[in-house]
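Engineer:
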Amino acid sequence: MDERQPLLPISSSHSNIVNNSNENNGNYKAKRFWAAIIVGIVCICIVNLIFLPRTSLGRDLRRIHGAKLPVSEVKRIFLNSLDTENHAREWLKQYTYEPHLAGDGYDLVEFTEQKFKEFGLKTEIETFYIWLNRPVDAHLKLLDKDSNVIYNPNLQEDKLPEDETSMLNNSVPIFHGYSANGNVTGKFTFANYGSKSDFEILEKSGVNVHGTICIMRYEKIFRGLKVKHAQQNGCIGAILYSDPYDDGEITVKNGYESYPNGPARNPSSVQRGSVEYFTDYPGDPTTIGHGSTKNCKRNSPKDYIPNIPSIPVSYRTIEPILAELNGIGPDLNWIGNLENFTYTPGPSKLELNLFNLQEYNITPIYNVMGKIDGILPEEQIIIGNHRDSWTFGAGDPNSGSATLLEVARAYGDLIKQGFKPLRTIVFASWDGEEYSMLGSTEFGETHSKFLQKKTLAYLNLDVSVTGTHFSAQANPLLEKSIHDVASKVPFEGATLFDYWHKQDNATIDFPGSGTDFAVFQNHLGIPIVNMGFDANGKTDPVYHYHSNYDSFKWMDTFADPDYKRHNCMAKFLGLLGLSLSEREVCFVSPEDYSTRIKEYYESFYKEIPTRWFNYYIDSAYLKYNRRNIIKQLQKLDEDTSPKFNSLLILFEINMNKLIETSKNYDSYIKDLQTQVEQDYPWFKFFNKLVLLIRIKLANLKLSHLDRMFLDNEALENRTWMKHTIFAPHRDLGYTGDVLPGLHEAIMRNDFNDAVKWLDILISKFQSVIKKLS
Ligand SMILES: *[C@@H]1O[C@H](CO)[C@@H](O)[C@H](O)[C@H]1NC(C)=O
Ligand SMILES: *[C@@H]1O[C@H](CO)[C@@H](O)[C@H](O)[C@H]1NC(C)=O
Ligand SMILES: *[C@@H]1O[C@H](CO)[C@@H](O)[C@H](O)[C@H]1NC(C)=O
Ligand SMILES: *[C@@H]1O[C@H](CO)[C@@H](O)[C@H](O)[C@H]1NC(C)=O
Ligand SMILES: *[C@@H]1O[C@H](CO)[C@@H](O)[C@H](O)[C@H]1NC(C)=O
Numbered sequence: 001m002d003e004r005q006p007l008l009p010i011s012s013s014h015s016n017i018v019n020n021s022n023e024n025n026g027n028y029k030a031k032r033f034w035a036a037i038i039v040g041i042v043c044i045c046i047v048n049l050i051f052l053p054r055t056s057l058g059r060d061l062r063r064i065h066g067a068k069l070p071v072s073e074v075k076r077i078f079l080n081s082l083d084t085e086n087h088a089r090e091w092l093k094q095y096t097y098e099p100h101l102a103g104d105g106y107d108l109v110e111f112t113e114q115k116f117k118e119f120g121l122k123t124e125i126e127t128f129y130i131w132l133n134r135p136v137d138a139h140l141k142l143l144d145k146d147s148n149v150i151y152n153p154n155l156q157e158d159k160l161p162e163d164e165t166s167m168l169n170n171s172v173p174i175f176h177g178y179s180a181n182g183n184v185t186g187k188f189t190f191a192n193y194g195s196k197s198d199f200e201i202l203e204k205s206g207v208n209v210h211g212t213i214c215i216m217r218y219e220k221i222f223r224g225l226k227v228k229h230a231q232q233n234g235c236i237g238a239i240l241y242s243d244p245y246d247d248g249e250i251t252v253k254n255g256y257e258s259y260p261n262g263p264a265r266n267p268s269s270v271q272r273g274s275v276e277y278f279t280d281y282p283g284d285p286t287t288i289g290h291g292s293t294k295n296c297k298r299n300s301p302k303d304y305i306p307n308i309p310s311i312p313v314s315y316r317t318i319e320p321i322l323a324e325l326n327g328i329g330p331d332l333n334w335i336g337n338l339e340n341f342t343y344t345p346g347p348s349k350l351e352l353n354l355f356n357l358q359e360y361n362i363t364p365i366y367n368v369m370g371k372i373d374g375i376l377p378e379e380q381i382i383i384g385n386h387r388d389s390w391t392f393g394a395g396d397p398n399s400g401s402a403t404l405l406e407v408a409r410a411y412g413d414l415i416k417q418g419f420k421p422l423r424t425i426v427f428a429s430w431d432g433e434e435y436s437m438l439g440s441t442e443f444g445e446t447h448s449k450f451l452q453k454k455t456l457a458y459l460n461l462d463v464s465v466t467g468t469h470f471s472a473q474a475n476p477l478l479e480k481s482i483h484d485v486a487s488k489v490p491f492e493g494a495t496l497f498d499y500w501h502k503q504d505n506a507t508i509d510f511p512g513s514g515t516d517f518a519v520f521q522n523h524l525g526i527p528i529v530n531m532g533f534d535a536n537g538k539t540d541p542v543y544h545y546h547s548n549y550d551s552f553k554w555m556d557t558f559a560d561p562d563y564k565r566h567n568c569m570a571k572f573l574g575l576l577g578l579s580l581s582e583r584e585v586c587f588v589s590p591e592d593y594s595t596r597i598k599e600y601y602e603s604f605y606k607e608i609p610t611r612w613f614n615y616y617i618d619s620a621y622l623k624y625n626r627r628n629i630i631k632q633l634q635k636l637d638e639d640t641s642p643k644f645n646s647l648l649i650l651f652e653i654n655m656n657k658l659i660e661t662s663k664n665y666d667s668y669i670k671d672l673q674t675q676v677e678q679d680y681p682w683f684k685f686f687n688k689l690v691l692l693i694r695i696k697l698a699n700l701k702l703s704h705l706d707r708m709f710l711d712n713e714a715l716e717n718r719t720w721m722k723h724t725i726f727a728p729h730r731d732l733g734y735t736g737d738v739l740p741g742l743h744e745a746i747m748r749n750d751f752n753d754a755v756k757w758l759d760i761l762i763s764k765f766q767s768v769i770k771k772l773s
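Just so we're aligned: the sequence shown equals residues 1 to 773 in UniProt numbering.
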């Protein structure tokens with residue numbers, strides 16, 4: 001053992017080598033051996049490095065964090081999950097077997113949570129405490145001259161043996177969410193759709209609605225505004241009904257049978273719904289601006305809900321009452337489908353008694369949240385749909401709930417295969433949307449700071465399927481991504497985009513309100529998209545909105561019997577979620593945003609009173625950058641006291657500059673994304689590092705861009721609406737208005753307010769231009 005050569009001849013000295021040739025020889029061999037090994041290792045390393053696969057930054061990011069699937073594979077597996085299985089019918093059946101008003105149906109809370117868990121999501125149930133009403137009693141009585149009751153209709157919807165759930169004894173009575181209690185008796189009038197202009201027409205025609213019970217039909221504008229307008233015009237009560245005229249082609253008059261035998265409206269069907277003024281403020285009307293937590297402060301709700309009683313009824317119920325108005329009052333060219341009514345406004349000779357009793361309480365409601373943690377936890381997207389319904393809610397909202405579960409299921413399949421999203425993905429099953437976006441609004445108000453810091457976009461689904469007409473509303477930042485994703489969703493032998501383009505040029509509307517995206521877009525400045533297949537009003541079966549007949553049976557026989565559109569929606573929503581979560585550079589387009597603002601501005605430019613142009617502006621209304629703006633105006637005007645015309649020119653100059661700047665930024669981020677996907681050899685790691693930093697900076701700007709348009713100088717009497725670019729239209733409700741402060745000032749003929757808003761907008765534009773330059 002002792003004679004053996006040491007493995008490492010470290011102790012061998014030069015003299016040893018000279019003096020002992022045997023030893024010398026052995027040492028030399030060993031040296032050669034070790035040299036060869038080292039050279040070998042170096043060679044292997046070099047060869048390895050040379051042939052080391054070139055990788056992209058995108059792939060590196062995922063690999064470092066143990067995410068196994070490349071993006072293309074993620075999308076393929078996702079679509080495949082939805083192609084091979086479709087559980088929409090099963091989920092829908094579960095969600096629609098019982099009525100589930102806000103706070104009711106805790107079994108569906110548990111069901112949703114359990115499914116989220118099954119699909120690999122981290123879940124949480126968040127409770128809010130909401131002041132809201134439940135129906136107790138209501139009636140409508142027509143009285144003769146001696147106050148005898150001559151007509152006392154049953155207000156409830158018919159039980160249809162063909163539609164199982166309509167037979168249930170616990171179905172929800174007809175009522176309005178947030179309606180006022182009352183027992184009023186008086187003459188009655190008809191005010192068509194109850195819009196501002198309808199009441200103006202009545203006034204001009206000398207019809208006095210003051211002190212009457214006002215009957216209006218649904219459609220055109222949000223129902224709460226109908227009641228508000230009636231109240232503002234001195235009415236003592238309001239009754240809303242659904243006129244088959246507004247169902248389009250599919251009517252009994254046109255020879256169609258009514259539900260359940262055919263696609264036309266069932267004559268007893270009633271549209272329930274909230275009458276809270278969500279155009280001013282959605283959410284719990286006693287907790288304006290903060291979350292409805294258990295022991296929170298509460299304010300009086302009186303400015304946010306009507307104070308005159310209102311109820312919804314069917315056209316069958318109201319027809320004999322309206323017939324009492326025949327021939328009374330001027331012919332206003334109002335038309336409808338009730339054969340015994342001449343659509344004259346009255347007022348009636350007979351009196352009507354309207355009784356409405358609601359019970360108001362603080363009621364707990366439950367949002368179910370499910371989360372998939374991303375590689376970049378500081379960025380997230382939220383996908384939401386509400387769960388509560390006025391009745392059974394097959395279309396509204398549970399076609400959406402079924403779709404949402406399908407998306408979660410397919411994401412679950414991805415998780416099983418090692419998927420980890422780049423950004424965190426949060427699923428939300430909201431409660432209390434029907435009463436006025438309660439769950440989402442209280443969530444948004446409670447977590448506002450956190451949400452504004454992290455959320456890139458909110459994707460909303462309410463009604464996923466009630467017909468064949470595809471529609472989308474979105475913040476224009478998301479238009480490109482929406483169109484891009486639609487062109488990747490297979491549908492009806494082509495793509496969803498082809499279908500949509502054939503339908504209406506794939507038009508995307510501006511965000512309005514009336515669904516859960518409200519708090520995100522209008523209050524928090526988080527870009528939103530909302531989408532679904534609606535009834536087209538032409539060939540589709542009539543959708544029994546907020547009625548007992550929005551049932552599983554109706555969906556299963558009339559609306560989407562093969563659940564193909566549910567499936568298409570799941571593919572679209574899920575793929576959009578993945579596109580927004582997985583694209584390294586945020587998939588948004590500032591250019592689309594700014595060009596759309598200009599388009600809309602040009603659409604109402606003509607409404608600016610021409611006499612304004614020569615008015616001198618009162619600089620007291622330049623609240624933001626008075627000195628700066630006046631300097632710029634003086635340059636433009638060559639006058640020390642600038643005129644409105646110059647202010648408008650300055651506004652347009654800045655708007656155009658915003659377009660120019662965002663165009664450049666769009667091409668910059670496009671270029672960044674190309675680089676992320678590009679493969680680099682290992683020794684260019686420094687380039688990757690620089691790229692990573694540039695992306696981080698770009699994403700910070702892009703994800704906070706919409707927030708830069710928020711302002712505390714709120715719209716008149718609408719302090720909660722913080723966004724200077726988007727708001728629900730004040731007089732319409734569901735429809736969106738763009739540059740609402742300026743637009744409203746023009747419509748109200750308020751010169752100084754217009755000056756104020758131009759100033760605000762110029763300052764917003766300038767700060768965004770600075771940010772993107
Ligand atoms: C509803 O109540 C009626 C009368 O009490 C009863 O005959 C009927 O079976 C009940 N229907 C259901 C579906 O429970
Ligand atoms: C409503 O008021 C009338 C008198 O105007 C009264 O006779 C009737 O009992 C009241 N109805 C209810 C349900 O309180
Ligand atoms: C219309 O009025 C006639 C005559 O009063 C009546 O027979 C008919 O049932 C009414 N139609 C409806 C739909 O109420
Ligand atoms: C689509 O756009 C084209 C060209 O802009 C226009 O002619 C056409 O009327 C539009 N179609 C629809 C359905 O909007
Ligand atoms: C705002 O509220 C005040 C007081 O109620 C009212 O006079 C004014 O008309 C409101 N403005 C708008 C735009 O509704």
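Heads up, the beta-carbon is just placed ideally off N, CA and C, and yes, glycines get one too.
Tell me, please, which residues DSSP counts as bridged to G58.
Structural biologist: DSSP output for G58 lists no bridge partner at all.
Engineer: In chain order, what residues of the same chain lie with their CB nearer than 6 angstroms to the CB of P681, ignoring the 5 residues before and after it?
Structural biologist: So the qualifying residues of the chain are R54.
Engineer: According to DSSP, is A67 helix, strand or coil?
Structural biologist: Three-state DSSP puts A67 in coil, outside helix and strand.
Engineer: What are the complete beta strand (DSSP E) segments, minimum 3 residues, inside the region 501 to 549?
Structural biologist: As far as the region 501 to 549 is concerned, its whole beta strand (DSSP E) runs of at least 3 residues are 528 to 534.
Engineer: Any heavy atom of ligand 2 within a distance shorter than 8 angstroms of the CB on D146?
Structural biologist: False, no ligand heavy atom lies under 8 angstroms from that Cβ.
Engineer: At what residues does the beta strand (DSSP E) containing Q678 begin and finish?
Structural biologist: Per DSSP, Q678 belongs to no beta strand (DSSP E) and is neither H nor E.
Engineer: Could you tell me if the beta carbon of G717 falls within a distance shorter than 8 angstroms of some heavy atom in ligand 5?
Structural biologist: A small correction: the amino acid at residue 717 is Asn; Gly does not occupy that position in the sequence shown. Result yes, Cβ under 8 angstroms from ligand 5.
Engineer: Beta-carbon distances below 6 angstroms to any heavy atom of ligand 2 define the shell here; list its residues in chain order, please.
Structural biologist: Per the Cβ criterion, the list is N183, T185 and F355.
Engineer: Can you determine whether any heavy atom of ligand 5 sits closer than 8 angstroms to the C-beta of R59, and answer yes or no?
Structural biologist: Checking every heavy atom of ligand 5 against the Cβ of R59, none is found closer than 8 angstroms.
Engineer: Within this structure, are the beta carbons of L573 and T424 separated by less than 9 angstroms?
Structural biologist: No; because the gap between Cβ atoms is not below 9 angstroms, this pair is not in contact.
Engineer: Pull up the CB-CB distance for T495 and K502, whole angstroms please, since I reckon it's below 8 angstroms.
Structural biologist: Not a contact, Cβ separation roughly 11 angstroms.
Engineer: Grab the span of the alpha helix (DSSP H) containing D637 for me, first residue to last.
Structural biologist: Residues R626 to D637.
Engineer: Can you check the region 600 to 624 for any alpha helix (DSSP H) of at least 4 residues that lies completely inside it and give the ranges in chain order?
Structural biologist: Segments of the alpha helix (DSSP H) lying fully in the region 600 to 624: there are none.
Engineer: Suppose the cutoff is 6 angstroms on Cβ atoms and the five residues either side in sequence are ignored; what does the same chain contact list for E249 look like?
Structural biologist: K538, listed in sequence order.
Engineer: Taking all protein chains shown into account, decide if R63 is buried (16 or more other Cβ within 10 angstroms of its Cβ) or exposed.
Structural biologist: When all chains shown are included, R63 counts as exposed.
Engineer: Jot down the residue ranges of each uninterrupted beta strand (DSSP E) in the region 332 to 419, minimum 3 residues, whole runs only, in chain order.
Structural biologist: Listed in chain order, the complete beta strand (DSSP E) runs (minimum 3 residues) inside the region 332 to 419 are 351 to 372 and 376 to 386.
Engineer: Where L8 and C43 are concerned, what is the direct C-alpha to C-alpha distance, given to the nearest angstrom?
Structural biologist: Bear in mind that a pLDDT of 44 at L8, under 50, signals an unreliable position, so the number given afterwards is only what the model happens to contain. Going from the Cα of L8 to the Cα of C43 covers about 22 angstroms.
Engineer: Just to confirm my understanding: we take N752, look at its own chain, exclude 5 residues before and 5 after, and list those with CB closer than 7 angstroms. What are they?
Structural biologist: Only D618 and Y621 meet the Cβ criterion.
Engineer: Are the region 298 to 317 and the region 273 to 289 touching by the rule of at least three beta carbon pairs closer than 8 angstroms?
Structural biologist: Enough Cβ pairs lie closer than 8 angstroms, so yes.
Engineer: How about P377 and Y315: are their beta carbons less than 9 angstroms apart?
Structural biologist: No, they are not a contact pair.
Engineer: Quick one: what's got a C-beta closer than 6 angstroms to S703's C-beta in the same chain, skipping five residues either side?
Structural biologist: Closer than 6 angstroms at Cβ, skipping near neighbours: L456 and C586.
Engineer: Ligand 5 and E200: does the residue's C-beta get closer than 8 angstroms to at least one heavy atom of that ligand?
Structural biologist: Incorrect: E200 has no Cβ contact closer than 8 angstroms to ligand 5.
Engineer: Rounded to whole angstroms, what's the CA-CA distance from N27 to I415? Just pull it up for me.
Structural biologist: N27 and I415: Cα-Cα distance of roughly 59 angstroms.
Engineer: The beta strand (DSSP E) that contains T455, what's its start and end?
Structural biologist: T455 -> beta strand (DSSP E) spans T455 to V465.
Engineer: Give me the residue from H87, E434, R387 and K115 with the minimum Cα distance to R223.
Structural biologist: Answer by Cα proximity: E434.
Engineer: Which partner residues does F470 have in the DSSP bridge list?
Structural biologist: Paired residue(s): F533.
Engineer: Taking Cβ to Cβ, would you say S197 is nearer than 9 angstroms to R217?
Structural biologist: Not a contact, by the Cβ cut-off of 9 angstroms.
Engineer: Please write down, chain order preserved, every residue whose beta carbon lies under 5 angstroms from a heavy atom of ligand 3.
Structural biologist: My final list is E319 and N340.
Engineer: If you run the structure through DSSP and keep just helix, strand and coil, what is I760?
Structural biologist: The answer is helix: DSSP assigns I760 an H, G or I state.
Engineer: My output table needs one value for D737: the three-state DSSP class, helix, strand or coil.
Structural biologist: DSSP places D737 in strand when its eight states are reduced to three.
Engineer: For ligand 5, any of its heavy atoms closer than 8 angstroms to the Cβ of R217?
Structural biologist: No; taking the cut-off as 8 angstroms, the Cβ of R217 has no heavy atom of ligand 5 nearer than that.
Engineer: Please state whether DSSP places D731 in a helix, a strand or coil.
Structural biologist: In the structure shown, D731 sits in coil (DSSP, three-state: anything other than H, G, I, E or B).
Engineer: May I have the straight-line CA-CA distance separating P263 from N80, to the nearest angstrom?
Structural biologist: Taking the straight line joining both Cα atoms gives about 34 angstroms.
Engineer: Flag this pair as yes or no: are the beta carbons of G370 and F427 separated by less than 9 angstroms?
Structural biologist: Yes. Within cutoff.
Engineer: The beta strand (DSSP E) with V270 in it runs from where to where?
Structural biologist: Element bounds for V270: n/a, residue is neither H nor E.
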